[in-house]
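In the working numbering, the protein residues as written are 1 to 578. Glycine included, every Cβ here is placed at the ideal spot set by N, Cα and C. Step one of this worksheet: look at the structure below.
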Amino acid sequence: MSKVILYFRVVQVSLCSTWRQVRIVYSTCKMSDILAEAVKGAAAHPRPEGIQFAYGTAGFRDKSTILDPVLYRMGLLAALRSKAKKATVAVMITASHNPEPDNGVKLVDPMGEMLEESWEEHATDLANAKDEDIGSALQRIIDAVDIDISLPSDVFVARDTRPSGPPLTQALLDGLKVMGSTFTDFGILTTPQLHYLVRCHNSKGAYGEPTEEGYYKKLAQAFLKLRKDAGAKKKYEPVVIIDGANGVGALKTRKLQSHLHESLRITVCNDGSSGKLNEKCGADFVKVQQKPPAGLEIQPGQRCVSFDGDADRVVFFYVNKDGVFNLLDGDKISTLIAGYLGELVSASGLQLNIGVVQTAYANGSSTRYLEDVMKVPVSCAKTGVKHLHHKALEFDVGVYFEANGHGTVLFSDQAEQKIKAASQDDSLESSKREAATRLTLMMDLINQTVGDAISDFLVVETILSTRDWAAEDWNMQYRDLPSRLLKIKVKDRTAVQTTDAERCATAPAGLQEAINKLVAKYQQGRSFVRPSGTEDVVRVFAEADTQANADMLAHEVSVQVYQLAGGVGDQPQPPCAP
Ligand code: G16
C-alpha cells in the first residue's frame, strides 16, 4: 500500500507593504505532488550542462549569470532546513567581497549561525542534481535527515546591492513557493543584519527586536551608553571616514547615523552613487593591496574604515605624517578587543576565560603578542568564519577574527548570566559592578551571530575612545611582520589539499617540501597555500622580516604552485623592485 502524506501547498500569495512580508494561503496536497512540482518548477530554472557547483567557504559563489538554478534549488533546500529545525531559517544572496558580476547564496541557521556543515553536502548534491532528478535528490535529503515533511517552513530572505540580486531572489522564492513555505523578503540588507533578524525572531525577541530598525536601536543604545561618561579626549577624535565598498554597508551606515546623534562624525565614501561594488575599494582591496581605496581624501592620522561588499568584514587604516599607509586588520582588531574585554573581566572580579581564534593568515606578530605579552590562549582554525565560530565556543569569551577583518566575539550562556547578575548585584563593590555593566553593554553592541562590519566598527570606536587612543597608538601595540597574499590560477584548485588548519599542503606531491625549503631561506619566513572556497584560485600567503622578502617568498611559492598544481596562463613573474 503506498503511503500518502498530506501537506500544505501555496495557492495564494499577497504582499504587505512594510517588510514585503508574504502572506500565504494553503491547501493540502500529497508529498509526491510536491516533489513532482519541484521537478516541474525546474523547467523555468534549468541547470547548465558541465558545471559542478560546490557549497564553499561561504556558500555558493559564481558568475551571477549561471546561478539561477542554484537559487531555485536553495529555495527548496531552505524549506527543508526550516522543517528539519522546526524554526525559521534565512537565505542571503551575496558574493560579498567578490566582483560585482559574481553573486552567491548562503543559508543561515535559526540562531543566526552558518548552515550546519553536514547540510553543505546536501546543498551541493541538490545544486548538482539534473533537473529531472530534483525530486529524488529532495527525497534523499528527507530520508537522510528524517524530515517530517508535513511540518510548516518559514524562511527570511535578503540580498546585497548587486544588480543580479532581484532576479536571483525571484528564483529562490520560486523554490520556496513550490515547497509551500512562508517567507519574508527583506530586500537589501547587510549579511549580519539578516543573521541578527533570524536570531531575534527565533529567540522570540530575547536577542533584540526583529526589525532592521531594532538592529540600529540596539547597537546605538549600547554605543551611546558606553560613551556617556567619556571625559575630554586628548588623542581620540570622534571623526571617521568609511569606505562603503560601493555596497550595502554604505546605505546602512547612513541609516545608523541618525541613531548615533552627535557622538561620532561619519563621512561615508564609496557609497555606490558612482563606482562599482568592491572595485578598487572595500576591505578586501585594502587588505590585499595594502593601500587606501580609491575615492577617499585622507589627512595624515585620519582614522579610516573599509567595509566589504555585504558589510561582514571591516578593516581600519590611516596614513601617517610621512605618507606611509598603516593597516589595522582583523588581527589588530582582535587584540584590541581581547585586551579590553580581558581588563573588564578582571575588573569585574568574574572568573571567565578569554581566548582568541585566528587562522593561518594571522600575522605572526599578532599571535606572539597575544600569547607572550597578553598571555591569552590562541587557537588556529581553518579559513571560514564557521570554523572560527565553533572554536570560539570553547571559551567563556571567545574572540575570533580572520586577518581579513571578518569576526566577532561570543559569550557563553554561562558567561552572559554571570555578567548580567554581577551588573545587578548591589552587594558588589561599585567598580566591579561598573565593569560588569560595561561588559553587558559590550554584549549588546557585539553582533554575536556573525562578523559584522557595522557592529565591529562601533566596538573598536568604543575602545579607542575609552583608551583615548588615536589610530597610531592602537597600531603601536605590536608591529606587523610584512606579508603578501597572492592568487594563482590552476586547472583544478582541488589539486591543492591541506591539513593542520591549512598550514601544511598534503597535495600535490612535493609541494610542502618545496615550501619548507623556500621558507628556510628567509628570516622569520612563513608561507602556506590553500584552495580558495570563494574564487577559482589557489591562495598563497607569505610573511618575512622585510616586505621585499615577503614578496619574494610569496612569488617563489607561487611558482611552485604553478608548476606542481597545473598553473594556467603565464608563469608568475617576480615582484618589481620597490
Ligand atoms: C568569505 C568567508 C571568509 C573567508 C573569505 C575568503 O568571506 O566568509 O571566512 O575568509 O570568504 O575565503 P576564501 O579564501 O576561501 O576565498 P566573504 O566576506 O567573502 O563572505
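Among the options, nearest to residue i - alpha-carbon criterion
{"i": "Ala542", "options": "Glu113, Ala550 and Ser150", "result": "Ala550"}
{"i": "Val376", "options": "Val356, His389, Ser465 and Glu49", "result": "Val356"}
{"i": "Gly104", "options": "Val89, Gly309, Leu76 and Tyr318", "result": "Gly309"}
{"i": "Glu121", "options": "Met179, Met74 and Thr383", "result": "Met74"}
{"i": "Val145", "options": "Val324, Gly349, Lys85 and Gln424", "result": "Lys85"}
{"i": "Ala586", "options": "Leu126, Ala171 and Gly180", "result": "The structure shown does not extend to residue 586, since the chain is modelled only from 1 to 578, so the question has no answer here."}
{"i": "Lys177", "options": "Pro575, Asp154, Tyr361 and Leu256", "result": "Asp154"}
{"i": "Pro152", "options": "Ala509, Thr88, Ser379 and Val568", "result": "Thr88"}
{"i": "Ile142", "options": "Ser203, Ala123 and Asp160", "result": "Ala123"}
{"i": "Asp372", "options": "Lys280, Gly407, Tyr478 and Leu197", "result": "Tyr478"}
{"i": "Leu511", "options": "Met552, Val559, Thr466 and Arg467", "result": "Val559"}
{"i": "Lys521", "options": "Met114, Leu553 and Gln358", "result": "Leu553"}
{"i": "Gly59", "options": "Lys291, Asn98 and Lys217", "result": "Asn98"}
{"i": "Arg467", "options": "Leu336, Lys489, Ile454 and Ile515", "result": "Leu336"}
{"i": "Ser423", "options": "Thr437, Ser430, Gln414 and Gly165", "result": "Thr437"}
{"i": "Asp160", "options": "Ile488, Lys252, Leu481 and Glu556", "result": "Lys252"}
{"i": "Leu77", "options": "Val91, Leu219, His259 and Tyr216", "result": "Val91"}
{"i": "Leu168", "options": "Cys281, Ile188, Arg503 and Leu485", "result": "Ile188"}
{"i": "Val378", "options": "Lys386, Lys391 and Val385", "result": "Lys391"}
{"i": "Lys30", "options": "Lys386, His555, Val324 and Ile149", "result": "Ile149"}
{"i": "Lys225", "options": "Tyr236, His261 and Gly214", "result": "His261"}
{"i": "Gly165", "options": "Val529, Asp536 and Arg61", "result": "Arg61"}
{"i": "Ile147", "options": "Met114, Ala171 and Ser82", "result": "Ser82"}
Residue i Cβ short of 8 Å to the ligand G16 heavy atom set
{"i": "His259", "result": "no"}
{"i": "His605", "result": "Residue 605 falls outside the range modelled here, since the chain spans only 1 to 578, and no answer is possible."}
Short CB-CB distance (under 9 Å) between residue i and chain D
{"i": "Val538", "result": "This model lacks chain D altogether; it includes just one protein chain."}
Q: Please list the segments of the beta strand (DSSP E) lying wholly inside the stretch 265-348, counting only runs of 3 or more residues, in order along the chain.
A: 265-269, 304-307, 314-319 and 325-328
(Q) To test your reading of the DSSP string, which unbroken beta strand (DSSP E) runs of 3 or more residues are found completely within the stretch 368-405? (A) 378-381 and 397-401
Q: Determine contact between the stretch 126-142 and the stretch 33-41, defined as no fewer than three beta-carbon pairs at a distance below 8 Å.
A: yes
Q | Within the stretch 190-217, ranges of the beta strand (DSSP E) (whole runs, at least 3 residues) | A | none
**Q.** Pocket of the ligand G16 (residues with CB nearer than 6 Å to any heavy atom), chain order
**A.** Thr57, Ala58, Ser96, His97, Asp308, Asp312, Arg313, Thr383, Gly384, Val385, Glu402, Asn404, His406, Ser532, Gly533, Thr534, Glu535 and Arg539
Q. Unbroken alpha helix (DSSP H) runs of length 4 or more, entirely within the stretch 470-499: which are they?
A. 471-475
Q. Are three or more beta carbon pairs between the stretch 365-372 and the stretch 267-286 nearer than 8 Å?
A. No, the stretch 365-372 is not in contact with the stretch 267-286.
Q: Indicate whether the contact test is met: 3 or more Cβ pairs, each with one atom in the stretch 346-363 and one in the stretch 392-406, closer than 8 Å.
A: yes
Q. How do the stretch 101-119 and the stretch 38-45 stand: do at least 3 beta-carbon pairs fall below 8 Å, yes or no?
A. no
Q: Go through the stretch 37-116 residue by residue and report every complete run of the beta strand (DSSP E) that reaches 3 residues or more, in order.
A: 60-63, 89-93 and 102-108
Q) Along the chain, which unbroken stretches of the alpha helix (DSSP H) at least 4 residues long are found entirely within the stretch 126-169? A) 134-145
Q) Is there contact here, the stretch 237-244 with the stretch 257-266, by at least three beta-carbon pairs under 8 Å? A) yes
Q: Could you tell me whether the stretch 318-335 touches the stretch 471-479, where touching means 3 or more Cβ pairs closer than 8 Å?
A: yes
Q.
Under 8 Å: do the stretch 190-202 and the stretch 315-329 share three or more Cβ pairs, one atom per stretch?
A. Under the Cβ criterion (8 Å, minimum of three pairs), the stretch 190-202 does not count as touching the stretch 315-329.
(Q) With three or more C-beta pairs closer than 8 Å as the rule, is the stretch 459-466 touching the stretch 218-232? (A) yes
Q: Count the CB pairs spanning the stretch 561-576 and the stretch 497-514 that are closer than 8 Å, and state whether there are at least three.
A: yes
Q) Along the chain, which unbroken stretches of the beta strand (DSSP E) at least 3 residues long are found entirely within the stretch 490-560? A) Counting only runs of 3 or more, we get 497-499, 504-507, 526-531 and 538-543.
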